[in-house]
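Reviewing the structure listed below.
Chains as they are written, first to last, in the numbering used here: chain A, -4 to 189; chain B, -13 to 180.
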């Protein structure tokens, strides 16, 4: 691994009811998070290729962990999302270097497909900052039942010289989704949108 | 007593490789299992509540088993434990105390002959409240290297009429433990303290 990982965390959520009404089968989602050293902390560096390479390896590692935490095969995953929080000695561009150039390909490899854009969010923050990972259907971004988000946080991360990188995967949409729109059985899966 | 109604379950696993010092040969792992249940006593003073402890026993066992599974499935790997509860705003702290017996004894049962008291904490709080679950050695409370804690919380729980129940297990000492005191290798294991 190129990344110097201090900590890995996984979060699994299972919702069994909402407003007293059963959610059956329960909706389930998982996030895998890595806390890594920021090789560019404290200085301006023009070339961010080291973080791009780290993004590639974390894309594979974190997706595998999230899928394993759900106990499903990669292709069974329905929606996904990614996010990063940069400690105070880093820049937002460091999160972009991890998330955007190379992280997506290994995510899609683990999940079988993934025609849709992987929704993302990023921020700079202190330890314990809440990271809201956006979620969208992996093959058709317009599937309304799968627009969602998952909050994760780690009380001791990111430290000033660290970056927290997260990938979330689900096996389902929102609990009791009922606001219409494109449904997953209507996906054409050609353009990643519908 | 009323049924136990689970709205949501969350599992958090942390794997800690280092904290600025030497990378551990085997990373420390900590796992927490959280369950959000309806508080059947919310909104009123109910004198007789103790019977609900029996109702919570199956949930306690389910959560303890899931923690062992999250840590690889072998109970022998578990060296530390703790528990806690957050009671929603329409409940009282005494409702959190209902978790002491079913939560603690479930872990002892799953871990074989654990002798030490299960460290605990609880409070009344709003959704998103964080709880620092204390962790101590499962066989001897005074083992200093194993004094630890894990912060947990869920963005949307506990609602006013809910209780968030938590169990935590760990696989070893703090990652860079070096402040002396009773060592795990010195445990007599007679009284649960030393």
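By construction, the Cβ of each residue, glycine as well, lies at the ideal position given by its N, Cα and C atoms.
Since this is a predicted model, take the numbers as computed values, not measurements.
- Under the Cβ distance rule, residue 167 of chain A does not count among the residues neighbouring chain B, no pair being separated by less than 7 Å.
- Here residue 127 of chain B is actually not in contact with residue 169 of chain B; their C-beta atoms are around 14 Å apart, not less than 8 Å.
- Among the residues facing chain A, residue 103 of chain B is not included, as its CB has no counterpart in that chain under 7 Å away.
- Proximity of residue 43 of chain B to chain A, defined by a Cβ-Cβ separation below 7 Å, is not satisfied.
- With respect to the C-alpha of residue 18 of chain B, the residue from B/25, B/46, B/161, B/113 having the closest C-alpha is B/46.
- Closest in alpha carbon position to residue 117 of chain A, among A/146, A/177, A/68, is A/146.
- Annotated three-state conformation of residue 100 of chain B is coil, per DSSP.
- Taking a 10 Å sphere around the C-beta of residue 32 of chain B, we find fewer than 16 other C-beta atoms and assign the residue as exposed.
- Excluding its 5 nearest sequence neighbours in each direction, residue 3 of chain B has C-beta neighbours in its own chain below 8 Å: 9, 10, 13, 161, listed in chain order.
- Chain-order list of chain B residues neighbouring residue 11 of chain A: -8, -7, -6, -5, by C-beta distance under 8 Å.
- For residue 76 of chain A, same chain residues with a beta-carbon under 6 Å away, outside a window of 5 residues either side, are 114, 128, 129, 130, 163 in chain order.
- For the stretch 59 to 83 of chain B, the continuous alpha helix (DSSP H) assignments of 4+ residues that do not extend past its boundaries occur at 79 to 83, in sequence order.
- In this structure, the CA atom of residue 98 of chain B is about 16 Å from the CA atom of residue 88 of chain B.
- As computed with DSSP, residue 77 of chain A is found in a beta bridge with A/115, A/162.
- DSSP places residue 132 of chain B in the helix class (H, G or I) of the three-state scheme.
- Bounds of any alpha helix (DSSP H) do not take in residue -6 of chain B; it lies within the beta strand (DSSP E) bounded by -8 to 2.
- In the DSSP annotation of this structure, the continuous segment of the alpha helix (DSSP H) that includes residue 58 of chain A starts and ends at 44 to 65.
- The criterion of a C-beta distance shorter than 7 Å is satisfied by residue 154 of chain B and residue 68 of chain B.
- Judged by DSSP in its simplified three-state form, residue 46 of chain B adopts helix.
- In this structure, residue 159 of chain A places its C-beta atom within 7 Å of the C-beta atom of residue 30 of chain A.
- Following the DSSP letters along the chain, one finds residue 93 of chain A inside the alpha helix (DSSP H) bounded by residues 87 to 94.
- Straight through space, the alpha carbons of residue 109 of chain A and residue 181 of chain A are spaced by roughly 16 Å.
- Look at residue 122 of chain A here: in three-state DSSP terms it is coil, with no helix or strand label.
- Of all residues in the stretch 122 to 156 of chain B, those with a C-beta nearer than 7 Å to a C-beta of chain A are 137, 141, reading in chain order.
- Here residue 139 of chain A carries a helix assignment [DSSP, helix/strand/coil].
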